[in-house]
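Numbering (the working numbering), first residue to last: -12 to 378.
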């Protein structure tokens, strides 16, 4: 059975699941297999020396790991755009079942990654993992399900401008929980990178306002609260999942997220949308859009944890800020949007912020990467010591 993630040698995992791991350059992490890169220092002795040292620093950014992180970030950004487009098309066809819509995502994650986890751990080992560690995955899945639900509901009540701005609240929340879990030392250039990315978002918001893409709010206060809570849950789940995938096999984490997500999501959909399910249109076009939505989300939920390992969950959230630019490209062909010039500099500013984020700090410094199966599991040998996300 092919491994969806080339992955993770078995080792003891006897510490608490929420113990704070040490960073790769800390004394406690001397045994970890981590390759650290160091940025060339800046030379302030003269103008020429400074320019030359800045150029060397810039060239040092473009490692294989950084390039793959940048590309992976744009892949998930494109996936988010695809989900927005398919959701818009479903709403236009009078199909508005947000909880049911995400049910198919969690179901697909469950049926792909849970059987592979059972194959790796054995059925008894898988049951032991659920008994001992299942509680933390239930929390992760519940927050993910409710975050998706609240954000979709927010779009129904408040304005597009509020949704775009308040959704960025997930970034500081994610940074905070990453600090709680992994204690990274944020350099001021990383905070500058965040500010630059958010400035790019501001240009995108301004473009949408100028081109009149906003809509009136039905209940702005309710929608804003939904968006703030949903964005907070997003930030929490992103940071928590990063913490998990740095310490556990990816197929375990994603499989458990899918399994508990499908249960929680299914119960919620049955309670809130059982009547609407019978009146919704289930024709070929609707089913095709659901397949496209689920496929895009499946790719996102598969690539995102790898990006967490290569860079960080904060970098993932910053990458998503470019999704509005891709939305414009889709809109040009599907909805005949007019191109406003601010979209292009906004996209460049977001990419610039993504580069600045790692101007001083390196991706390897964001947290220890040491995934391993639980000690109580007799894991099958994968035949390789390679870890997905370690490049």
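Every residue gets a Cβ at the ideal spot worked out from N, C-alpha and C, and that includes glycine.
Residue from 302, 190 and 227 whose Cα sits closest to the Cα of residue 130
Checked all of 302, 190 and 227; the closest Cα to residue 130 is 227.
Please report the straight-line C-alpha distance between residue 311 and residue 111, rounded to a whole angstrom.
Rounded to the nearest whole angstrom, the C-alpha separation of residue 311 and residue 111 is 46 Å.
Host alpha helix (DSSP H) of residue 336 (start-end):
Residue 336: member of the alpha helix (DSSP H) spanning 330 to 344, first to last residue.
Taking the alpha helix (DSSP H) that residue 135 falls in, what are its first and last residues?
Residue 135 -> alpha helix (DSSP H) spans 110 to 144.
Helix, strand or coil for residue 354? Go by DSSP, reduced to three states.
Correct three-state label for residue 354: coil.
Counting only the same chain and skipping the five closest in sequence on each side, list residues whose C-beta sits under 7 Å from that of residue 93.
The answer, listed in chain order, is 245, 248, 249 and 252.
Does the Cβ-Cβ distance between residue 300 and residue 61 come in under 8 Å?
Going by C-beta atoms, residue 300 is not nearer than 8 Å to residue 61.
Can you give the Cα-Cα distance for residue 361 and residue 120, rounded to whole angstroms?
Cα to Cα, residue 361 sits roughly 9 Å from residue 120.
From the DSSP output, in three-state form, read off residue 233 for me.
Residue 233 falls in the coil class under three-state DSSP.
For residue 45 and residue 257, I'd like the C-alpha separation in whole angstroms.
Distance between the alpha carbons of residue 45 and residue 257: 53 Å.
Using 8 Å as the threshold, is the C-beta distance between residue 172 and residue 85 below it?
Contact: no.
Outcome for residue 38 when other beta-carbon atoms lying within 10 angstroms are tallied against a minimum of 16:
Residue environment for residue 38: exposed (fewer than 16 other C-beta atoms within 10 angstroms of its C-beta).
Rounded to whole angstroms, what's the CA-CA distance from residue 242 to residue 170? Just pull it up for me.
If you draw a straight line from the Cα of residue 242 to the Cα of residue 170, it is about 27 Å long.
Would you say the stretch 147 to 166 touches the stretch 188 to 200, given that touching needs at least three Cβ pairs under 8 Å?
The stretch 147 to 166, when compared against the stretch 188 to 200, does touch it at the 8 Å Cβ threshold.
In this structure, does DSSP put residue 327 in helix, strand or coil?
Note: residue 327 maps to coil in three-state DSSP.
If residue 133 and residue 220 are in contact, beta carbons under 8 Å, what's the gap, nearest whole angstrom?
With 8 Å as the limit, residue 133 and residue 220 qualify as a contact, their Cβ atoms being about 6 Å apart.
Are at least three pairs of beta-carbons, each pair with one atom in the stretch 67 to 77 and one in the stretch 277 to 287, less than 8 Å apart?
Yes: at least three Cβ pairs fall under 8 Å.
Buried or exposed: residue 365, going by 16 or more other Cβ atoms within 10 Å of its Cβ?
Exposed is the call here.
Beta carbon proximity, residue 194 to chain C, threshold 8 Å:
As a matter of chain content, chain C is missing from the structure shown, which is built from one protein chain.
Can you tell me whether DSSP reads residue 172 as helix, strand or coil?
Judged by DSSP in its simplified three-state form, residue 172 adopts coil rather than helix or strand.
Do you know offhand how far residue 48's Cα is from residue 254's?
The straight-line gap from Cα to Cα measures roughly 46 Å.
Neighbourhood of residue 346 by C-beta, 6 Å cutoff - its chain only, sequence neighbours within 5 removed
Excluding residues within five positions, the ones whose Cβ falls inside 6 Å are 176.
For residue 180 and residue 344, which I take to be in contact (beta-carbon distance under 8 Å), what is that distance rounded to the nearest angstrom?
Approximately 3 Å separates the beta-carbon atoms of residue 180 and residue 344; this is inside 8 Å, confirming the contact.
Between the Cα of residue 196 and those of 355, 276 and 146, spot the shortest distance and give me the residue it belongs to.
Residue 146 is the option with its Cα nearest to residue 196.
Out of curiosity, what's the CA-to-CA distance linking residue 355 and residue 52?
Their Cα atoms are separated by approximately 15 Å.
What is the residue span of the alpha helix (DSSP H) that residue 290 lies within?
Taken as a continuous stretch (DSSP letters only), the alpha helix (DSSP H) holding residue 290 covers 271 to 297.
What's the C-alpha gap between residue 208 and residue 336?
So the two alpha carbons sit approximately 31 Å from each other.
Residue 17 versus residue 357: straight-line alpha-carbon distance, rounded:
For residue 17, the predicted structure reports a pLDDT of 38, less than 50, and the residue's modelled location is therefore unreliable. The matter cannot be settled from this model.
Given this structure, state the Cα-to-Cα distance separating residue 118 from residue 296, to the nearest angstrom.
The alpha-carbon atoms of residue 118 and residue 296 are separated by roughly 26 Å.
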